[in-house]
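>
Residue numbers (our numbering), protein chains in the order written: chain A, -11 to 172; chain B, 81 to 500.
1) Going by DSSP, what residue range makes up the beta strand (DSSP E) through residue 217 of chain B?
2) Compare the C-beta of residue 20 of chain A with all C-beta atoms of chain B and state if any pair is closer than 8 Å.
3) Quick check: is the beta carbon of residue 474 of chain B nearer than 8 Å to any beta carbon in chain A?
4) Have a look at the DSSP bridge pairing and note the partners of residue 429 of chain B.
5) I want to see whether chain B comes within less than 8 Å of residue 72 of chain A, judged by CB atoms only; does it?
6) Going along the region 95 to 121 of chain A in order, which residues come within less than 8 Å of chain B, judged by CB to CB distance?
7) Say whether the region 325 to 335 of chain B touches the region 252 to 264 of chain B, bearing in mind that this needs 3 or more beta-carbon pairs closer than 8 Å, one atom from each stretch.
8) What residue range does the alpha helix (DSSP H) around residue 61 of chain A cover?
9) Taking the alpha carbon of residue 500 of chain B as the point to measure from, which residue in B:432, B:464 and B:478 has its own alpha carbon closest?
10) By the criterion of Cβ-Cβ separation under 9 Å, what are the contact partners of residue 152 of chain A in chain B?
11) Residue 335 of chain B CB to nearest chain A CB: under 8 Å?
12) Using CA atoms only, rank isn't needed, just tell me which of B:485, B:466 and B:494 is closest to residue 226 of chain B.
13) What residue range is occupied by the uninterrupted beta strand (DSSP E) comprising residue 495 of chain B?
14) Determine, for residue 57 of chain A, whether the minimum Cβ-Cβ distance to residues of chain B falls below 8 Å.
15) How is residue 490 of chain B classed by DSSP in three states: helix, strand or coil?
16) Runs of 3 residues minimum, wholly inside the region 340 to 427 of chain B: which ones carry the beta strand (DSSP E) assignment?
17) Going by the beta-carbon positions, is the gap between residue 481 of chain B and residue 391 of chain B smaller than 8 Å?
18) For chain E, is any of its Cβ atoms less than 8 Å away from the one on residue 30 of chain A?
19) Where does residue 50 of chain A sit, in a helix, a strand or coil, going by DSSP?
20) Measuring CB to CB, does residue 394 of chain B end up less than 8 Å from residue 438 of chain B?
21) Taking the beta carbon of residue 128 of chain B as the centre, do at least 16 other beta carbons fall within 10 Å, making it buried, or is it exposed?
22) State the beta-bridge partners of residue 193 of chain B as determined by DSSP.
23) Quick check on this structure: which residue in B:443, B:300, B:192 and B:403 has the alpha carbon closest to the alpha carbon of residue 416 of chain B?
24) Measure the Cβ-Cβ separation of residue 119 of chain A and residue 50 of chain A and say whether it is below 8 Å.
25) Return yes when the Cβ of residue 326 of chain B is within less than 8 Å of the Cβ of residue 208 of chain B, no when it is not.
26) Just verifying my parser: in three-state terms, what is the DSSP assignment at residue 44 of chain A?
27) Assuming residue 318 of chain B and residue 220 of chain B are in contact, meaning their beta carbons sit under 8 Å apart, how far apart are those beta carbons, in whole angstroms?
28) Would you mind telling me which residues of chain A sit closer than 8 Å to residue 275 of chain B, beta carbon to beta carbon, in chain order?
29) Do residue 353 of chain B and residue 151 of chain A have their C-beta atoms within less than 8 Å of each other?
30) Are the C-beta atoms of residue 152 of chain B and some chain A residue less than 8 Å apart?
31) For residue 252 of chain B, return the contacting residues in chain A, with the cut-off set at a CB-CB distance below 7 Å.
32) At a CB-CB cut-off below 7 Å, which residues of chain B make contact with residue 14 of chain A?
33) Name the one or two DSSP bridge partners that residue 295 of chain B has.
34) Name the chain B residues whose beta carbon is nearer than 7 Å to that of residue 91 of chain A?
35) Let me see if you follow: with CB-CB separation under 8 Å, is residue 142 of chain A close to chain B or not?
36) Could you work out which residue in A:138, A:146 and A:153 is closest to residue 40 of chain A when comparing CA atoms only?
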């Protein structure tokens, strides 16, 4: 090997590296998505809010949208409708956005992916931001004038943020043995 | 060809033998008529076979979610034998959302996020990848919830939110290996094709034994169970097993979806909630005789039931016929598989006196199924706590895996006896 010219060694190393990278995918099936495809498909909003789209909204605008698109199921005051399975959104003693939901980003994610029922994805980002602001305002978490957008939403401290155990969340695999009946 | 011919010969022979008999009835040696009807003779050549029209075993609507919504259905485990749940009898809990009508030719699976190579797969491509078949149970975290079930009549209502199937598909570790997971990744978020559901799973679990199944008991996954692609998360609560999977995003922490932060947590008496509960505890239940059954009279009965544990393999099942004062080992049906239903059997001669039947299992982690009193002690609640119903969907006694007794009264009727 010592008598080989150095450029040959370099070429060999490069060739081996290239093969190794190509072999990263062992079976070579599937295709690379376009950036546009990933952008369209990726509707998950994590608690850091990294995926939140451009746009903004306020409780005032949200109230109008709520009156148009949400009251049929959730009622004029967000009191819900047990008969059709629409949960209470505002007030009352049962778990709702204001007293139970630990992350404000989850409100955006859920409205955007699932509301109105069977029409998930039909609302524009500004509308989702406004409905989120409306629910936060009516739950006494923000002011009526607060503008909700990609920067402000993840910073909102929800009242029940520390209402969950363990905090923040368990690791896997578990340490063994765990006592029966105690989860996690 | 020759086997076809011999089949035909056998058929003809039988035909000749039958020809001498009165139509619709066959005479046995002692001359008594056997009630055998041939009315359905020749009607079994169906493209997709049906069961006998005498068999009425069925799922039961456990909860309605309103007009146009999908009800939750529970498996008739009192009628099942062995360990496999037939697809049409698998329990269903869609929280009201009806299964979407997914065209398998148009369906795509996207893997993206913290990966070196985002990838899109067709179902044909997934079928080309190395596959595995694994027998695993699924169980809703709310199965055998005493708060809602202590007055239920049958084991279908108390424990019917569990089923066990052979799942065939591609290991998540294979798919993630194809995309190349980056160093900072620690969780995955998996999404259903109808947009409404996602679930965060730690990467260590995802690459341990999770699979993306396209097969259920030898045929495609049933629509209500996740056609065409279902994530099977062995041993973890039902809600981890995302249906109609269309997207896997590799991320650096749980994504705090609406379901995992507001529906799945169990509120505790102190106002806090347990969340990300994941694993199902060691549990067993006598399925026959059980609530609603009627014993014919004193004499021999086989007691049978199911045991399973999200932590691993069932090692032992004991049966008591005196309400837990004494236990004896039951027989386990081989093969005993990890994170799968395990069938147990116990010979019993009923003397006609009152009896209380119950079972207790032990898994390979040494976990012994607790009594309700033991669960109460660990949760630091009174027994009365398990009788009180909760409001709304946030059920406080999820992951309740206590021993469940059935009382046999002198008249042979069998009753739910959790609180008697």
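All residues carry an ideal CB built from backbone N, CA and C; glycine is no exception.
Per the coordinate set shown:
1) Here residue 217 of chain B refers to the residue found at position 137 when the second chain is read from its first residue. Note, residue 217 of chain B: beta strand (DSSP E), 212 to 219.
2) One-based indexing of the first chain puts residue 20 of chain A at position 32. Residue 20 of chain A counts as touching chain B.
3) Counting from one through the second chain, the residue named residue 474 of chain B turns up at place 394. Its pLDDT being 48, under 50, residue 474 of chain B is placed unreliably by the model, and the measurement read from it follows with that caveat. Answer yes: the Cβ-Cβ gap between residue 474 of chain B and chain A drops below 8 Å somewhere.
4) Residue 429 of chain B sits at position 349 when you count from the first residue of the second chain. Per DSSP, B:380.
5) Numbered from 1 along the first chain, position 84 holds the residue referred to as residue 72 of chain A. Yes - at least one Cβ of chain B is within 8 Å of the one on residue 72 of chain A.
6) The region 95 to 121 of chain A vs chain B, Cβ under 8 Å: 97, 98, 101, 102, 108 and 109.
7) With three or more CB-CB distances shorter than 8 Å, the region 325 to 335 of chain B counts as touching the region 252 to 264 of chain B.
8) Looking up residue 61 of chain A in the first chain gives position 73. Segment 59 to 62, the alpha helix (DSSP H) holding residue 61 of chain A.
9) Translated into the one-based positions of the second chain, residue 500 of chain B becomes position 420. Comparing Cα positions, the closest option is B:464.
10) The sequence position of residue 152 of chain A within the first chain is 164, counting from 1. Within chain B, the residues near residue 152 of chain A are 341, 345, 352, 353, 354, 355 and 356.
11) Here residue 335 of chain B refers to the residue found at position 255 when the second chain is read from its first residue. It does; some Cβ of chain A falls within 8 Å.
12) Walking along the second chain from the start, residue 226 of chain B turns up at place 146. Residue 226 of chain B has its Cα closest to that of B:466, out of B:485, B:466 and B:494.
13) As a working mapping, residue 495 of chain B is identified with position 415 in the second chain. Bounds of the beta strand (DSSP E) holding residue 495 of chain B are 494 to 496.
14) Counting from 1 along the first chain, the entry for residue 57 of chain A is found at position 69. It does not: the Cβ of residue 57 of chain A has no partner Cβ on chain B nearer than 8 Å.
15) The sequence position of residue 490 of chain B within the second chain is 410, counting from 1. Under the three-state reduction of DSSP output, residue 490 of chain B falls in the coil class, being neither helix nor strand.
16) 363 to 368, 379 to 388 and 394 to 400
17) Position 401 of the second chain holds residue 481 of chain B. Position 311 of the second chain holds residue 391 of chain B. Not a contact, by the Cβ cut-off of 8 Å.
18) The displayed structure is made up of protein chains A and B, and chain E is not among them.
19) As a working note, residue 50 of chain A is residue 62 in the first chain. The answer is helix: DSSP assigns residue 50 of chain A an H, G or I state.
20) Within the second chain, the letter at position 314 stands for residue 394 of chain B. Within the second chain, the letter at position 358 stands for residue 438 of chain B. No; because the gap between Cβ atoms is not below 8 Å, this pair is not in contact.
21) In the second chain, residue 128 of chain B corresponds to position 48, counting from 1. Looking at its Cβ environment, which holds fewer than 16 other Cβ atoms inside 10 Å, residue 128 of chain B is exposed.
22) Position 113 of the second chain, counting from 1, holds the residue named residue 193 of chain B. Bridge partners of residue 193 of chain B: B:330.
23) Here the question's residue 416 of chain B lines up with position 336 in the second chain. It is B:443 whose Cα lies nearest to the Cα of residue 416 of chain B.
24) On the first chain, position 131 is the one that residue 119 of chain A refers to. On the first chain, position 62 is the one that residue 50 of chain A refers to. Yes, the Cβ-Cβ distance between residue 119 of chain A and residue 50 of chain A is below 8 Å.
25) Residue mapping note: residue 208 of chain B aligns to position 128 of the second chain, counting from 1. Residue mapping note: residue 326 of chain B aligns to position 246 of the second chain, counting from 1. The answer is no: Cβ separation not under 8 Å.
26) Here residue 44 of chain A refers to the residue found at position 56 when the first chain is read from its first residue. Strand.
27) Numbered from its first residue, the second chain carries residue 318 of chain B at position 238. Numbered from its first residue, the second chain carries residue 220 of chain B at position 140. With a Cβ gap of about 4 Å, residue 318 of chain B and residue 220 of chain B count as contacting.
28) The residue given as residue 275 of chain B occupies position 195 in the second chain. In chain order: 31, 101, 102, 108 and 109.
29) Locating residue 353 of chain B in the second chain gives position 273, where the first residue counts as 1. Locating residue 151 of chain A in the first chain gives position 163, where the first residue counts as 1. Closer than 8 Å, so yes.
30) Locating residue 152 of chain B in the second chain gives position 72, counting from the first residue. Not flagged as an interface residue toward chain A: residue 152 of chain B, since no C-beta distance is shorter than 8 Å.
31) The count along the second chain starts at 1 and reaches residue 252 of chain B at position 172. Per Cβ cutoff of 7 Å: no residues; residue 252 of chain B is ~14 Å from chain A at best.
32) The count along the first chain starts at 1 and reaches residue 14 of chain A at position 26. The contacting residues are 257 and 258.
33) One-based indexing of the second chain puts residue 295 of chain B at position 215. Partner(s): B:248 and B:300.
34) By one-based count along the first chain, residue 91 of chain A stands at place 103. Near residue 91 of chain A (Cβ distances below 7 Å), the residues of chain B are 336 and 341.
35) Locating residue 142 of chain A in the first chain gives position 154, counting from the first residue. Output row for residue 142 of chain A: interface = no.
36) Counted from its first residue, the first chain places residue 40 of chain A at position 52. Residue 40 of chain A has its Cα closest to that of A:138, out of A:138, A:146 and A:153.
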